[in-house]
Structures are given as structure tokens and as C-alpha cells.
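*Asks:*
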Amino acid sequence: MTIPAEAQAAITRFGISIEDYMLPVHGQIQILAEDGTMLPEDRRGSSPGHQYPVPTDRELLEAYRRLVIGRRVNDQNSALVRQGRLAVYPSSHGQEACQVAAALALREGDWMFPTYRDSVAVMTRGVDPVEAMTLFRGDWHGGYDPHAHHVGIQSTPLTTQLLHGVGVAHAAKLRGEDTVVLAMCGDGATSEGDFHEALNFAAVFNLPVVFFVQNNQYAISVPLAHQTVAPSLAHKAVGYGMAGERVDGNDIVALLAVLDRAVTLARAGSGPLLVEANTYRMQAHTNADDATRYRNDAEVQAWAAKDPLNRMRHYLRSTGVLTDDVETAFAGDAEDIAQQLRDGLGSDPTLDPQDLFRHVFTEPTPQLREQAALLADELARDELSREEH
């Protein structure tokens, strides 16, 4: 097996074999129990070379604040769909820990490439909430400038964003930039050809990419068991010559620890890594989906007991870090974001039909100029007709 020198150096520091470095731990990395208590070190699923320190109280408190905001965003956006203000919304209710940890693991100059379900991650990265939701209102553009926040436009086609992320990482490496790309996808995306191409290219060229798979158990209505018989999705990494890790996706303490190390290793030149977060989509795939047709209430309730928000609240309350005053302040922050969404999406946008032609090419073709002129003439005649009547 050919291992890049940088990766070999990391393996040597851990004092383990190449196989032990690349293969995920048995089970999964978990630091907080489902009831919010801290697990002893011998029950966290770690093994030599796969130990993870607990983040600081300050980091955990900020992560919890983001969780509170994320949950409120999901609930508010679902309500806006019912009010007709959004055309569709793929809720990440129950997956907020993955969303928050993904954004917090990156530096300002790093890049994130999200899926359509990663709106909370996009907002946590600093994108304006209303701009992040523009795509789901059915507007003609993605809503925000990817370069301003180093966040790709949320991708609706499965897995195309992984290829985009790999391309950005390749360009950054060629330029000598200190950039890490975090490319997000779901379990269904691992069945796509683009997944193979992205991972293989990243590994061959030793690119600084962290592939973050949110395994929420269903690709729309298709359960994971009908997609793969691999021990886990994280085990797929070794086939490309990269390290894989599996983590409890509803434990934000473990997520922060695992993603932080993955980003650190990728930045140090050890090559790409794959992290699988085991989580659950509590609500339907989108508002157009009937989840009762392919899963039962008992399954949903079993996962409700693992809720990442409640788990983190119980832990921080037990340590005394989270007080009533702090909780009230966080709820206020969340409501401010919800109000922004209501105000921004409650008003109809001002549309200019000429936008159909303005952003097709940098330099419009003669055909586009002709079409734009025809439209302008037609609009002018319509306006004149209204004035005459």
C-alpha cells in the first residue's frame, strides 16, 4: 500500500499500524451518553490512535447555543412551508449536532460544500438566514455569494458537491494555500458514482478534504440496509487509501472532537479522511414526503430519546455551565433568527424579468441580446397598454 509521507508521519506519531489508522473504531466514537452524562474513557469506543479529548466548556456552550438556534430554524422553516412562503424545506430536525459541528470545525479560510439538508450548517458558517433560504423559496439563484463565506451553494443533485469540493481542494493545494475543504453528503450519496470519483481523486492527489457523511438511515425511503452490506460507511474509506472514522452523530461533544482532528490532520498534509456520523432524520424527507409509508412510530421514538439538543442541555446543566439566564439568552438569539426568517420570507421579492439574461454569460451572446431586446419591447408595450386603459 502506497501511503503519502505526510500520512505515514501521522501514523508513526500515533504509534499504530497503517490498517489501524485507516479503519474506523469498533462501534463508534461517543463521549456523551444518551441521558447527557459523560461516559468514562473506556466506554467511548476509542482505541490507540483514535482517542479524542473533550472540547472546552466555552466551545461546548457555543455549540449548544448553535444547537438551540438550529432547532428553532428548522421549526420556523417548516412553518413557513405550510404558510406558502417556502416551496420546500428538507428539515434537519434531529441532525443539528452534525450541522453545527461541521461549521465550527472549520477556519474562516476553509471551504464547506453542503447538501440541500444542510441549511443550519450554512447559517452557522455565517450566511444570512434569509439568503440561505432563498433557494427553497424557488428563486432563480442560490441566494448567497459562495466566495463571501467559502460555502458552496446547497446542492440538490446527490453528490455533485463532493466533486466541487475536491476541485477547490486541488486548486488550493496547487496554490500552496492553507485550506481544508469539508464536503458533506448523506448515506444515499454513497451509492452514487460521483462519491467514488471524488474520494478516489482526493486520495490519489493527497488533497486536504474531510468527507462528512451524515448517515440518517434513509435515502428518502430507501433504508441503509438496501444500499450497502459494508460494516459501516466509514469502512469504505480504506478502499481508497484514506482513514475512516465513525461517530455518534447525535453527540455534539464527540462530533466536535472527531471533526476537529480530521480537519487538523487534513491541514497537516496527511490526505483526505472520511467521517461517518450515525444520526436520524426525525421528520419527513421534505414536506412532499410521507415518512409513515416506510418507517414506524416505534423507530422514530427510539431515536427521539437520543435527541442531540436534550443530551447537550442535560450535560451542561449538570456541570453548572448552563444557567437559566444563559438559556434564556440563547432562546432569545434563536427567536431573533426566526424573526429574520419571517420578515425576510414574508414579503414578496421584487423581480426583474431581464435577470433571465443578465447572468447566463459574462459577455452576452448576440442571441441573448436579441431576446432581451424583444422582452424589453414587449414589457414596454404592455406598460403602455395599461396606461392607455
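Numbering follows the working numbering, with no gaps: position 342 of the sequence shown is 938. Using N, Cα and C, we set each Cβ at its ideal position, and we do this for glycine too.
Would you mind giving the Cβ-Cβ distance between M708 and L702, rounded to the nearest angstrom? I have them listed as a contact below 8 Å.
*Replies:* Rounded, the Cβ-Cβ distance is 6 Å, consistent with contact.
*Asks:* State buried or exposed for L952, treating a residue as buried only when at least 16 other CB atoms are found within 10 Å of its CB.
*Replies:* Exposed, by the Cβ-count rule.
*Asks:* Please work out which residues of its chain come closer than 8 Å, Cβ to Cβ, to M838, disregarding the five sequence neighbours upstream and downstream, and give them in chain order.
*Replies:* Hits under 8 Å: M618, L795, A798, A799, G867, P868, L869 and L870.
*Asks:* Going by DSSP, which residues form a beta bridge with T775?
*Replies:* Paired residues: none, contrary to the question.
*Asks:* Could you tell me which residues DSSP puts in a beta bridge with E872?
*Replies:* Note: E872 sits in a beta bridge opposite V809 and R842.
*Asks:* If you reduce the DSSP assignment to three classes, tell me which class A605 lands in.
*Replies:* DSSP places A605 in helix when its eight states are reduced to three.
*Asks:* Look at E910 and D638 and say whether their C-beta atoms are less than 8 Å apart.
*Replies:* Here residue 910 is His; the residue named in the question, Glu, does not match the sequence. Contact flag unset, no.
*Asks:* Rounded to whole angstroms, how far is the Cβ of H689 from the Cβ of Q950, which I believe are closer than 8 Å?
*Replies:* Not confirmed; about 39 Å, so no contact.
*Asks:* What distance in whole Å lies between the Cβ atoms of V843 and V854, which are believed to be in contact at a cut-off of 8 Å?
*Replies:* Yes, V854 and V843 are in contact; Cβ-Cβ is about 5 Å, under 8 Å.
*Asks:* For F732, which residues of its own chain have a beta-carbon under 7 Å away from its beta-carbon, when the five flanking residues on both sides are left out?
*Replies:* If we look at F732 and ignore the five residues flanking it on each side, its Cβ neighbours are L682, A683, V684 and Y685.
*Asks:* Counting only the same chain and skipping the five closest in sequence on each side, list residues whose C-beta sits under 8 Å from that of G645.
*Replies:* Hits under 8 Å: I607, F610, G611, I612, D616 and Y617.
*Asks:* Here's the rule: buried if 16 or more other CB atoms are within 10 angstroms of the residue's CB, otherwise exposed. What is Q679?
*Replies:* Exposed, by the Cβ-count rule.
*Asks:* On the DSSP letters alone, give me the boundaries of the beta strand (DSSP E) that F709 sits inside.
*Replies:* It spans W707 to F709 - the beta strand (DSSP E) in which F709 sits, taken as one unbroken run.
*Asks:* On the CB-based measure, 16 or more other CB atoms within 10 Å of its CB, does R977 come out buried or exposed?
*Replies:* Label assigned to R977: exposed.
*Asks:* Taking Cβ to Cβ, would you say A864 is nearer than 8 Å to E692?
*Replies:* It is not a contact, given that the beta carbons lie outside the stated cut-off.
*Asks:* DSSP beta-bridge partners for S751?
*Replies:* DSSP output for S751 lists T711 as bridge partner(s).
*Asks:* Taking the straight line between their C-alpha atoms, what separation do you get for D856 and D653?
*Replies:* Distance between the alpha carbons of D856 and D653 is about 15 Å.
*Asks:* Out of D774, K832, Y876 and I665, which has the shortest C-alpha to C-alpha gap to T924?
*Replies:* Out of D774, K832, Y876 and I665, I665 has the C-alpha closest to the C-alpha of T924.
*Asks:* If you draw a straight line from the alpha carbon of M780 to that of Y712, how long is it in whole angstroms?
*Replies:* Going by the C-alpha atoms only, they are around 10 Å apart.
*Asks:* Assign E872 to one of two classes, buried (16 or more other C-beta atoms within 10 Å of its C-beta) or exposed (fewer than that).
*Replies:* It is buried - the Cβ of E872 has at least 16 other Cβ atoms within 10 Å.
*Asks:* Taking the alpha helix (DSSP H) that L656 falls in, what are its first and last residues?
*Replies:* Start and end: D653 to R678.
*Asks:* Label H1065 either buried or exposed according to how many other C-beta atoms from any shown protein chain fall within 10 Å of its C-beta, with 16 as the threshold for buried.
*Replies:* Within the shown structure, residues of the chain are numbered from 597 to 985, placing residue 1065 beyond reach of any answer.
*Asks:* Specify, as a first and last residue, the run of the alpha helix (DSSP H) that R857 falls within.
*Replies:* First-last of the alpha helix (DSSP H) with R857: I848 to R863.
*Asks:* Using 10 angstroms around the beta-carbon of V956, count the other beta-carbons present and answer buried if the total reaches 16, otherwise exposed.
*Replies:* It is exposed - the Cβ of V956 has fewer than 16 other Cβ atoms within 10 Å.
*Asks:* So for I612, helix, strand or coil by DSSP?
*Replies:* It is coil, neither helix nor strand.
*Asks:* Between A815 and F791, what straight-line distance do the alpha-carbon atoms span, to the nearest angstrom?
*Replies:* Straight-line Cα distance between these residues: approximately 15 Å.
*Asks:* Look up L980 in the DSSP assignment and say whether it is helix, strand or coil.
*Replies:* Helix.
*Asks:* Taking the alpha carbon of A765 as the reference point, which residue from S914, Q936 and V806 has its own alpha carbon closest?
*Replies:* For A765, the nearest C-alpha among the options comes from V806.
*Asks:* Residues in its own chain within less than 8 Å of G623 by CB, not counting five upstream and five downstream?
*Replies:* Excluding residues within five positions, the ones whose Cβ falls inside 8 Å are G641 and R842.
*Asks:* Ignore the nearest five residues each way along the sequence and tell me which others in L964's own chain have a CB closer than 8 Å to its CB.
*Replies:* Excluding sequence neighbours, L964 sits near F953, V956 and F957.
*Asks:* Using three-state DSSP, classify I933 as helix, strand or coil.
*Replies:* Reduced to three states, the DSSP call for I933 is helix.
*Asks:* Using a 10 Å radius around the Cβ and a threshold of 16 neighbouring Cβ atoms, would you call A900 buried or exposed?
*Replies:* Exposed, since its Cβ has fewer than 16 Cβ neighbours within 10 Å.
*Asks:* What residues match up with C781 in a beta bridge as DSSP calls it?
*Replies:* Partner(s): V809.
*Asks:* Name the DSSP bridge partner or partners of V818?
*Replies:* BP columns for V818 point to A815.
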